[in-house]
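Chains as they are written, first to last, in the working numbering: chain X, 1 to 163; chain A, 164 to 326.
All residues carry an ideal CB built from backbone N, CA and C; glycine is no exception.
All remarks here apply to the structure that follows.
Number of protein chains: 2
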Amino acid sequence: MQYSVGVEYALHCLVYLIDVPSNDSIGIKNLAEFQGLPETFLSKVFGKLSKAGIVSSVPGVKGGYRLSKSPEDISFWDVIEAIEGPNPIFQCKNIKENGYLYRKNCCQAPSFCTINLVMLSAEEKMRDDLRSKSLSWLNEELDSVLSKQIREDTRKYFSKSNT
Amino acid sequence: MQYSVGVEYALHCLVYLIDVPSNDSIGIKNLAEFQGLPETFLSKVFGKLSKAGIVSSVPGVKGGYRLSKSPEDISFWDVIEAIEGPNPIFQCKNIKENGYLYRKNCCQAPSFCTINLVMLSAEEKMRDDLRSKSLSWLNEELDSVLSKQIREDTRKYFSKSNT
DNA sequence: TTAATCGGCGATTAACTTAGTCTTCGATTG
DNA sequence: CAATCGAAGACTAAGTTAATCGCCGATTAA
């Protein structure tokens with residue numbers, strides 16, 4: 001039970017897109033190479049991000065991706081939902097309906113499940129936290145954690161390799 | 164990305180163990196039959212619950228399982244952890260260490276990952292909620308939600324089939 | 001004491017999911 | 001028009017999950 005690597009790939013990549021001017025873009029190839037990720041797979045991840053309206057694509061030579069909204073309006077949860085889909089972590093199989101009581105008297109079994117409700121509300125607590133952290137927040141966080149040199153090198157890498 | 168059905172099976176079964184007197188027990192066969200679950204699989208689920216100290220097993224004929232602590236001291240999270248193991252939902256692959264900067268200068272890359280920390284803290288919010296809901300809480304909740312008839316029938320089923 | 005009933009455990013299987021690849025396509029640039 | 005990009009679907013290999021099977025040791029009732 002865990003999130004797919006796509007989420008991790010996406011979040012790491014999106015940070016690099018923050019500083020890209022809105023008339024420019026970064027190609028999948030660059031992003032993949034810089035981070036040592038499989039290019040074709042990353043391409044699929046960005047397809048999902050694109051469908052979710054988080055990034056927009058620029059086709060053709062010199063094409064690539066850029067953020068399609070302000071980094072303040074992109075939360076961790078937006079990214080996870082884009083990659084993982086809308087399904088909750090806990091999916092009730094409604095096992096009550098296979099049970100003895102249900103077989104004995106069909107209409108007595110309740111159609112909703114208390115256990116499921118508990119799970120959904122717990123997940124909601126997690127999502128709330130994830131919704132409160134935006135891409136721009138992450139960017140500032142990284143500024144205070146990473147050395148100036150690393151951040152400089154990163155920006156240099158993407159600016160020179162896409163002009 | 165979702166919890167295994169084992170968690171659902173376990174929670175549903177544990178409710179039925181609450182009213183079992185401490186010198187008695189309920190067999191896997193009964194629990195499985197009552198809920199229409201595969202017996203052999205449920206047996207493995209209870210193996211994990213047993214290892215986690217949530218239930219204790221009574222071997223031999225007329226054997227079965229009973230709670231090994233008070234239902235107030237068994238939380239939803241205890242059950243999930245017993246079945247799913249200790250691993251967090253988001254597992255960082257540390258993709259930074261495959262990247263260009265790391266290859267360029269090994270010692271500059273940070274060994275911890277901000278994204279991972281955010282994920283872990285969000286999960287912790289969910290776990291806190293899950294830790295606050297105990298088996299006895301669930302039992303009371305079910306009392307107020309389910310009809311008296313259903314609860315009565317359930318108790319009757321397990322008391323008569325194990326004597 | 002012996003047969004039947006229970007949990008414990010490991011090997012196995014079938015279905016499904018995931019990470020990743022390959023290939024074809026259409027759009028863009030030079 | 002050719003090279004380079006993203007889009008998309010088919011495909012594959014590996015891993016996971018749900019479930020089964022068989023064998024064991026413990027226990028109990030006849």
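Buried/exposed call for residue i, threshold 16 Cβ in 10 Å
i, result
"Glu81 (chain X)", "buried"
"Val61 (chain X)", "exposed"
"Glu72 (chain X)", "exposed"
"Gly99 (chain X)", "buried"
"Asp306 (chain A)", "exposed"
"Leu37 (chain X)", "buried"
"Leu280 (chain A)", "exposed"
"Thr317 (chain A)", "buried"
"Thr326 (chain A)", "Because the pLDDT of Thr326 (chain A) is 42, which lies under 50, any placement of that residue in the model is unreliable, and the question is left without a value."
Selected residue, minimal CA-CA separation from residue i, among the options
i, options, result
"Ser322 (chain A)", "A:Val170, A:Phe197, A:Lys232, A:Leu305", "A:Phe197"
"Phe90 (chain X)", "A:Phe239, A:Glu260, A:Tyr263", "A:Phe239"
"Val7 (chain X)", "A:Gly216, A:Tyr263, A:Ser297, A:Met282", "A:Met282"
"Leu135 (chain X)", "X:Lys125, X:Ile18, X:Met1", "X:Ile18"
"Thr114 (chain X)", "A:Leu301, A:Ser185, A:Glu202", "A:Leu301"
"Val145 (chain X)", "A:Ala173, A:Phe275, A:Asp241, A:Asn257", "A:Phe275"
"Lys232 (chain A)", "A:Met164, A:Val218, A:Pro249", "A:Val218"
"Ser167 (chain A)", "X:Lys125, X:Tyr157, X:Cys92", "X:Cys92"
"Pro21 (chain X)", "X:Asp78, X:Leu67, X:Tyr157, X:Val79", "X:Leu67"
"Lys267 (chain A)", "X:Tyr157, X:Gly85, X:Met1, X:Phe41", "X:Tyr157"
"Met164 (chain A)", "X:Gly85, X:Pro59, X:Ile74", "X:Gly85"
6 Å CB neighbourhood of residue i in its chain, flanking five on each side removed
i, result
"Ser57 (chain X)", "Ser50, Tyr65"
"Cys13 (chain X)", "Leu31"
"Ile246 (chain A)", "Gly169, Val170, Ala173, Lys211"
Distance cut-off 7 Å: residue i Cβ against heavy atoms of the ligand SAM
i, result
"Ala173 (chain A)", "Ligands in the displayed structure: none, and consequently the ligand SAM is not present."
8 Å Cβ cutoff, residue i in contact with chain X
i, result
"Asp292 (chain A)", "yes"
"Thr277 (chain A)", "yes"
"Asn302 (chain A)", "no"
"Ile313 (chain A)", "yes"
"Gly199 (chain A)", "yes"
"Ile217 (chain A)", "no"
"Asp316 (chain A)", "yes"
"Tyr166 (chain A)", "yes"
"Phe204 (chain A)", "no"
"Glu244 (chain A)", "no"
"Lys296 (chain A)", "yes"
"Glu235 (chain A)", "no"
"Phe321 (chain A)", "no"
"Val224 (chain A)", "no"
"Asn325 (chain A)", "For Asn325 (chain A), the predicted structure reports a pLDDT of 48, less than 50, and the residue's modelled location is therefore unreliable. The matter cannot be settled from this model."
8 Å Cβ cutoff, residue i in contact with chain A
i, result
"Gly6 (chain X)", "no"
"Ile95 (chain X)", "yes"
"Leu11 (chain X)", "yes"
"Glu123 (chain X)", "yes"
"Gly172 (chain X)", "The requested residue 172 (chain X) does not occur in the structure, where chain X is confined to residues 1 to 163."
"Leu142 (chain X)", "yes"
"Ile28 (chain X)", "no"
"Val20 (chain X)", "no"
"Val45 (chain X)", "no"
"Asn23 (chain X)", "no"
Same chain, Cβ closer than 8 Å to residue i, five either side skipped, listed in chain order
i, result
"Glu123 (chain X)", "Pro88, Ile89, Phe90"
"Asn202 (chain A)", "Rather than Asn, the amino acid found at residue 202 (chain A) in this sequence is Glu. If we look at Glu202 (chain A) and ignore the five residues flanking it on each side, its Cβ neighbours are Ile191, Lys192, Ala195, Glu196."
"Val164 (chain X)", "With chain X running from 1 to 163 in the structure shown, residue 164 (chain X) is simply not present."
"Leu11 (chain X)", "Phe76, Val79, Leu138"
"Gly53 (chain X)", "Ser68, Lys69"
"Gly226 (chain A)", "Ser188, Gly190, Ser220"
Sequence-distant residues of the same chain with beta carbon closer than 7 Å to residue i, five excluded per side
i, result
"Asn257 (chain A)", "Cys276"
Inter-stretch contact (C-beta, 8 Å, three-pair minimum) for the stretch 130 to 149 of chain X and the stretch 195 to 211 of chain A: no
Meets three-Cβ-pair contact criterion under 8 Å: the stretch 145 to 154 of chain X and the stretch 187 to 201 of chain A: no
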